[in-house]
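Visitor:
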């Protein structure tokens with residue numbers, strides 16, 4: 022990767038974070054966040070995704086870096102939206118066996134933002150059979166197990182066994198890859214690696230499988246203008262034990278940059294209406310813009326690690342990222 026290539030990645034990440042900062046009020050929870058008929062996907066989900074991305078960017082960039090400082094500011098904003106964690110106990114009382122409050126809270130906990138009262142309450146709930154027997158698909162189950170560990174909850178369930186029941190864990194025929202499988206596999210890797218902090222946590226057979234097939238899948242998604250999934254796949258490429266192929270990054274990032282709006286927003290999907298100053302509404306670009314910021318930070322981290330190792334080729338990644 023040339024300095025120009027690296028600069029382009031940074032520019033995409035910086036523009037994405039600038040858009041997120043300018044639109045932070047659209048992530049606000051609002052009065053419906055605790056309503057009995059509240060729309061979780063329009064309230065808690067965007068805020069949780071903002072927190073997760075910003076915690077990840079902070080973990081992969083040093084303090085003082087503009088990317089880090091913008092992400093840290095947005096993370097503090099997201100924490101304030103939860104009343105410094107006070108809303109989590111209230112949410113848990115309203116929905117005792119819902120896992121999404123813990124999943125979102127665990128993001129803040131991973132960044133050192135904790136509410137001990139909530140952790141005590143949810144640990145009590147997690148000891149019930151009702152909590153342990155909640156039916157979830159394997160990818161979601163991995164995420165819940167990760168959230169529990171972040172909040173100090175330990176149980177005997179084997180995450181390795183759960184992994185082998187996911188699409189990725191079964192090493193499926195590569196031609197069966199499609200959109201839903203793509204999102205499932207990216208989140209499996211996110212959960213395994215603690216959102217890119219621990220690349221060596223990916224089992225060797227999965228790492229080899231992804232190293233072989235992911236470039237082709239990424240190219241397919243880029244050709245289809247699936248910018249959201251393309252960015253998630255770039256995160257995965259930079260979260261494996263071996264650093265990503267420079268040629269894969271060199272081919273992908275100009276296409277992501279070309280799809281990004283002047284404002285910094287990245288459409289979820291290519292669409293003929295976008296362009297000439299027009300951009301998608303918040304719900305159709307916030308997640309892809311978050312993923313562009315995350316992918317940029319993760320790729321920059323791995324490229325920096327490679328340069329620090331003093332090699333131009335592949336090597337085993339020995340770092341664990343900057344602690345969150």
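Residue numbers (my numbering): 22 to 345. Heads up, the beta-carbon is just placed ideally off N, CA and C, and yes, glycines get one too.
#1: Which of helix, strand or coil does DSSP assign to residue 97?
#2: Is the distance from the Cβ of residue 228 to the Cβ of residue 262 below 8 Å?
#3: Alpha carbons only, please: which of 158, 116, 119, 171 is nearest the one belonging to residue 133?
#4: Under three-state DSSP, which class holds residue 175?
#5: Which whole runs of the alpha helix (DSSP H) in the stretch 231 to 291 are 4 residues long or more, in chain order?
#6: Could you tell me if residue 184 is buried or exposed, where buried requires 16 or more neighbouring beta carbons within 10 angstroms of its beta carbon?
#7: In chain order, which continuous runs of the alpha helix (DSSP H) of length 4 or greater are located wholly inside the stretch 185 to 214?
#8: Going by beta-carbon coordinates alone, are residue 169 and residue 147 separated by less than 8 Å?
#9: Could you give the residue range of the alpha helix (DSSP H) that holds residue 81?
#10: Which residues bound the alpha helix (DSSP H) around residue 59?
#11: Following the continuous alpha helix (DSSP H) through residue 124, name the residue where it begins and the one where it ends.
#12: Just to confirm the assignment, what range does the alpha helix (DSSP H) spanning residue 109 have?
#13: Out of curiosity, what's the CA-to-CA distance linking residue 76 and residue 84?
#14: Nearest-angstrom Cα distance between residue 204 and residue 149?
#15: Alpha carbon to alpha carbon, what distance is there between residue 46 and residue 112?
#16: Does the separation of the CB atoms of residue 64 and residue 41 fall below 8 Å?
#17: When the Cα of residue 310 is compared with those of 79, 33, 86, which residue comes out closest?
#18: Looking at the structure shown, is residue 216 part of a helix, part of a strand, or coil, going by DSSP?
#19: On the DSSP letters alone, give me the boundaries of the alpha helix (DSSP H) that residue 148 sits inside.
#20: In angstroms, rounded to a whole number, what distance separates the CA positions of residue 202 and residue 66?
#21: To which residues of the same chain is residue 188 closer than 7 Å at the C-beta, ignoring the five residues directly before and after it?
#22: Just verifying my parser: in three-state terms, what is the DSSP assignment at residue 306?
#23: Rounded to the nearest angstrom, how far is the Cβ of residue 209 from that of residue 160, given a contact under 8 Å?
#24: Which two residues bound the contiguous alpha helix (DSSP H) that contains residue 29?
Guide: Looking at the coordinates:
#1: Position 76 of the chain shown holds residue 97. DSSP, read as helix, strand or coil, puts residue 97 in helix.
#2: The count along the chain shown starts at 1 and reaches residue 228 at position 207. The count along the chain shown starts at 1 and reaches residue 262 at position 241. Yes. Within cutoff.
#3: What you label residue 133 is simply residue 112 of the chain shown in a count that begins at 1. Among 158, 116, 119, 171, the Cα nearest to that of residue 133 is on 171.
#4: Residue mapping note: residue 175 aligns to position 154 of the chain shown, counting from 1. Coil at residue 175, not helix or strand.
#5: Whole alpha helix (DSSP H) segments, 4+ residues: 248 to 258, 267 to 280.
#6: Translated into positions along the chain shown, residue 184 becomes position 163. Residue 184 should be labelled buried.
#7: Within the stretch 185 to 214, complete alpha helix (DSSP H) segments of at least 4 residues are found at 200 to 213, given in chain order.
#8: Taking the first residue of the chain shown as position 1, residue 169 is located at position 148. Taking the first residue of the chain shown as position 1, residue 147 is located at position 126. Contact flag set, yes.
#9: One-based indexing of the chain shown puts residue 81 at position 60. Residue 81 -> alpha helix (DSSP H) spans 65 to 81.
#10: For the purposes of this step, residue 59 is identified with residue 38 of the chain shown, where counting begins at 1. In the DSSP assignment, residue 59 falls outside any alpha helix (DSSP H), carrying neither H nor E.
#11: One-based indexing of the chain shown puts residue 124 at position 103. 121 to 131 is the span of the alpha helix (DSSP H), which, as asked, contains residue 124.
#12: The residue you call residue 109 lines up with position 88 of the chain shown. Counted as a single uninterrupted DSSP element, the alpha helix (DSSP H) harbouring residue 109 occupies residues 108 to 115.
#13: By 1-based counting over the chain shown, the position of residue 76 is 55. By 1-based counting over the chain shown, the position of residue 84 is 63. Those two C-alpha atoms are separated by around 13 Å.
#14: Against the chain shown, residue 204 aligns to sequence position 183. Against the chain shown, residue 149 aligns to sequence position 128. Rounded to the nearest angstrom, the two C-alpha atoms are 31 Å apart.
#15: Position 91 of the chain shown, counting from 1, holds the residue named residue 112. Position 25 of the chain shown, counting from 1, holds the residue named residue 46. When rounded, the separation of the alpha-carbon atoms in residue 112 and residue 46 is 21 Å.
#16: Stepping through the chain shown from its first residue, residue 64 is reached at position 43. Stepping through the chain shown from its first residue, residue 41 is reached at position 20. Not closer than 8 Å, so no.
#17: On the chain shown, position 289 is the one that residue 310 refers to. Of the listed residues, the one whose Cα sits closest to residue 310 is 33.
#18: The count along the chain shown starts at 1 and reaches residue 216 at position 195. Assignment of residue 216 by DSSP, reduced to helix, strand and coil, places it in the coil class.
#19: As a working mapping, residue 148 is identified with position 127 in the chain shown. Per DSSP, residue 148 lies in no alpha helix (DSSP H) and is assigned neither H nor E.
#20: Taking the first residue of the chain shown as position 1, residue 202 is located at position 181. Taking the first residue of the chain shown as position 1, residue 66 is located at position 45. Approximately 21 Å between the Cα atoms of the pair.
#21: Translated into positions along the chain shown, residue 188 becomes position 167. The answer, listed in chain order, is 202, 205, 206.
#22: Here residue 306 is taken as the residue at index 285 of the chain shown, counted from 1. Coil at residue 306, not helix or strand.
#23: Here residue 209 refers to the residue found at position 188 of the chain shown. Here residue 160 refers to the residue found at position 139 of the chain shown. Rounded, the Cβ-Cβ distance is 6 Å, consistent with contact.
#24: Sequence index remark: in the chain shown, residue 29 carries index 8 (1-based). If you look at residue 29, you'll find it in the alpha helix (DSSP H) that goes 24 to 43.
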